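Here the sequence shown stands for residues 6 to 664, numbered as in our numbering.
Beneath this line is the structure, given in structure tokens, with notes to follow.
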Amino acid sequence: MSFDSTIHDKAIQLTKLTYEITGAAGSGHPSSGASLAHLVSVLLYQQMRFEPMNPGHPASDRLVLSEGHAVPVLYAAMADLGIAYRRFDGPDDAEGTLKPMTHELARTLRAIDSPVDGHPNPALGFPFFDAATGSLGQGLSVAAGLALAARMDGLGKRIYCLIGDGESREGQVWEAVDFLIDHGLKAVCPVFNANRFAQSEAVSVQQSADVLVAKLEAAGFDVRDVDGHAPEAVAGAFSAHAQAQHNPDAAPVALVARTVKGWGAQSQHGNGHHGTAPTGEALEAALAELDAKHKQLGATADVKLQRDLLPPEKPGPVKREQMPAFDEACRSFGQEEVLAKGVLATRKAYGISLRALGHARGDVAALDADVSGSTGSASFKKDPELTGRFIECRIAEQNMVSAALGMAAGGKLPVVSTFGKFLTRAYDQVEMAVLSGQPLRLVGSHAGCTLGPDGPSQMALPDVAWFRSFGTMRDHRGHPGFYVCTPADAWATHGLVAAMADHPGSVYLRTMRPETEFLYGPGTTFTLGGHEVLNQGRDLLIVAQGYMVHQANAALEALDAQGVDATIVDLYSLPFDEEALADLANDHDGRVLTLEDNYGGGMGSAVADALAATGDGFTVKQMHVERLPKSGADADDILAYVGLSVDDVVREALGMLEL
């Protein structure tokens, strides 16, 4: 009886099924899957603790497939083990029904009516996965987030992450490596699949197994350098990780597995087979080679493979109370002077709101990228009762966003803060979270052009247009892909933080650096998709967001002197109630002026799209940043430079009325 021969038998079975299902699909990455076959066999049939019909159990071990294109070999194992997927019977079936994965379902890989997608995606019905992968380099960060969530719950689960050697060129992988060491996340076992070939050619020497081992050791890992097709060696390395996880004196364990791309079938070795699914005679030849390999190895299932039992731990109850109102929060934190002054930057108001949210809910964590003093999240960090739930991510925004995705998948409510400008480098990671069906709560400070002397390298300017595009579609739950919120004052900020926390989908909240006076008070309720009418007129509808609401207010006196009676709408949320806005526009003879201190394609374009869709006649003038900003003394200085001063607003308003 031999463990080796049993794993060889299983690996060849899975590899054959991988070739069969990709052959049926006519596409896929079977050679990548073949390189993982032994690693997957040892993990799913021996090492991982999970229940096949309840793979989403909160205490179960997790597997993140960062090299998502290799997923057919996991589908093969899931079909063999009967791991549950969620079948949805029609668009109204929101919950679905758990059913065991079958070989027949696996053979529907990549079909439009099949949940068996070309890359892993939990939102399509596979709770075994925690995140959509396929955009390379992100999985280890997701695994880190899952480990943080498990730590908050006191769970001893293990999180395995399979990473391709080619994708390890991505800088985010090393952001995640540093993050794991910084936070002592030994529950995560990074597994580098060193099969030597990427898509177009062999990987660089810099991504070779030898260099990967050296890099990981330099970072602080105990690296197990193993033959990825030697079952005993692979199992021993995983056992070493399990032992080190709870040993305070042990270094974290990582694996570098030296594997063969296309293992088991010589015709599939080497370069030129990535993303190619053999069919016809080529498929038959590959399957025959695998049969010959089976015979050569004497592979027989003569040892019963048995996983460890699922850990008995379960998360305890988590505090969840209603967030207090803004004035109550200020008083409870000894900041009554804020209320007396009636002036506060929205980024500072966000800090108060985040702290209040943390006290109200035990599942909240705050993540920041070394700018907590600027974003406002430092108030959460400095609170003795909350500091343990503050996650410093350093200057590594891509890792931060993917870690937040992992925490959300682990049942937590992570709130991510950084400059809105710096979130742009994590747009890919944001999109993968949307694909995953996991909600993100992102807060981008220093939004727009009003931040003053620091200049345009710190300004969030194209962000509204990009995030707004997600609001034009609906996610797997029927919610807008993202709400984009730009509050104009502290009260609105607080209300929208509360709304963001309660919403089951994703929200991007933009805050500003300048101090702004209060426009609202305790009587106003803020909702995602909502707006507020601040001044009721009849001649012209001015629709503004953020700082430009204050510019619109300042323009009212000059307009009134010219006999113009204008209505001001604070359109703090995108998307919004399009019918209500169209009614307001019609009340002003269709004349609409939009104001925003970011680049075009944002709020003004959303208003124009909504009004055009009605088929009625409207005149929409969009005012936004139309030239590259630069440093200036203050907000007024910069707004004048980009054509958004109060005088500019008055001139455009009068021009629309031909005055």
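Glycine included, each C-beta is placed from N, C-alpha and C at the ideal position.
Computed from a predicted model, the values in this text were never measured in an experiment.
- The stretch 28-39 makes no contact with the stretch 50-69: fewer than 3 CB pairs, one atom from each, lie closer than 8 Å.
- Assignment of residue 464 by DSSP, reduced to helix, strand and coil, places it in the coil class.
- Taking every protein chain shown into account, the CB of residue 419 has 16 or more other CB atoms within 10 angstroms, so this residue is buried.
- Counting only the Cα atoms, residue 379 lies some 49 Å from residue 238.
- Distance from the CA of residue 24 to the CA of residue 142, rounded to the nearest whole angstrom, comes to 25 Å.
- At a Cβ-Cβ threshold of 8 Å, residue 556 and residue 601 do not count as neighbours.
- In the structure shown, residue 54 falls within a coil segment according to DSSP collapsed to helix, strand and coil.
- Residue environment: residue 541 is assigned as exposed (fewer than 16 neighbouring CB atoms within 10 Å of its CB, all protein chains considered).
- In chain order, 557, 571, 573 and 598 place their CB closer than 6 Å to the CB of residue 547, counting only its own chain and leaving out the 5 sequence neighbours on each side.
- For residue 599, there is no enclosing alpha helix (DSSP H); the enclosing beta strand (DSSP E) covers residues 596-600.
- Every beta strand (DSSP E) of 3 residues or more that sits fully in the stretch 475-544 is shown, in chain order, as 488-490, 512-515 and 537-540.
- Annotation for residue 372: 396, 398, 405, 409, 419 and 421 place their beta carbon closer than 6 Å to its own, counting only its chain and skipping 5 residues before and after.
- The Cβ atoms of residue 586 and residue 658 do not sit closer than 8 Å to each other.
- Our two residues, residue 591 and residue 545, have alpha carbons roughly 10 Å apart in a direct line.
- Excluding sequence positions up to five before and after residue 417, its CB lies within less than 7 Å of the CB of 154, 157, 368 and 370, all in the same chain and listed in chain order.
- Residue 189 and residue 518 have their C-alpha atoms spaced approximately 34 Å apart.
- Per the coordinates, the alpha-carbon of residue 334 lies some 8 Å from the alpha-carbon of residue 340.
- Partner residues in the beta bridge of residue 105, as assigned by DSSP, are 89.
- Around the beta carbon of residue 493, a 10 Å sphere encloses 16 or more other beta carbons of the protein chains shown; the residue is thus reported as buried.
- Taking C-beta atoms under 8 Å as the contact rule, residue 227 and residue 263 fail to qualify, at a distance of about 17 Å.
- In the three-state reduction of the DSSP assignment, residue 323 falls in the coil class.
- C-alpha of residue 512 to C-alpha of residue 502: approximately 9 Å in a straight line.
- Membership of residue 411 in any beta strand (DSSP E) is not indicated; the residue belongs instead to the alpha helix (DSSP H) covering 402-414.
- Of the candidates 583, 144 and 569, 583 places its Cα closest to the Cα of residue 536.
- Counting the other Cβ atoms within 10 Å of the Cβ of residue 608 gives 16 or more, which makes it buried.
- Under the rule that a run must span 4 or more residues, the alpha helix (DSSP H) segments found entirely inside the stretch 122-188 read 144-158 and 176-187.
- Scanning its chain for C-beta atoms nearer than 7 Å, with the 5 sequence neighbours on each side dropped, one finds around residue 282 the residues 27, 28, 30, 31, 32, 33 and 35, in chain order.
- With fewer than 16 other CB atoms across the displayed protein chains lying within 10 angstroms of its CB, residue 253 is exposed.
- The count of Cβ pairs closer than 8 Å, one atom from the stretch 298-314 and one from the stretch 7-23, reaches three, so the stretches are in contact.
- Under a 10 Å Cβ-count criterion, residue 164 is classified as buried, with 16 or more other Cβ atoms of the shown protein chains found around its own Cβ.
- Counting only unbroken stretches of 3 or more residues, the beta strand (DSSP E) elements lying wholly within the stretch 336-413 are 369-373 and 395-397, in sequence order.
- Counting the other Cβ atoms within 10 Å of the Cβ of residue 400 gives fewer than 16, which makes it exposed.
- Assignment of alpha helix (DSSP H) within the stretch 10-59, counting only whole runs of 4 or more residues, yields 35-47 in chain order.
- Under the DSSP assignment, residue 288 falls in the alpha helix (DSSP H) whose first and last residues are 285-302.
- Membership of residue 642 in the alpha helix (DSSP H) is indicated by the continuous run 640-646.
- Residue burial is scored here from C-beta neighbours: residue 117 has fewer than 16 other C-beta atoms within 10 angstroms and is therefore classed as exposed.
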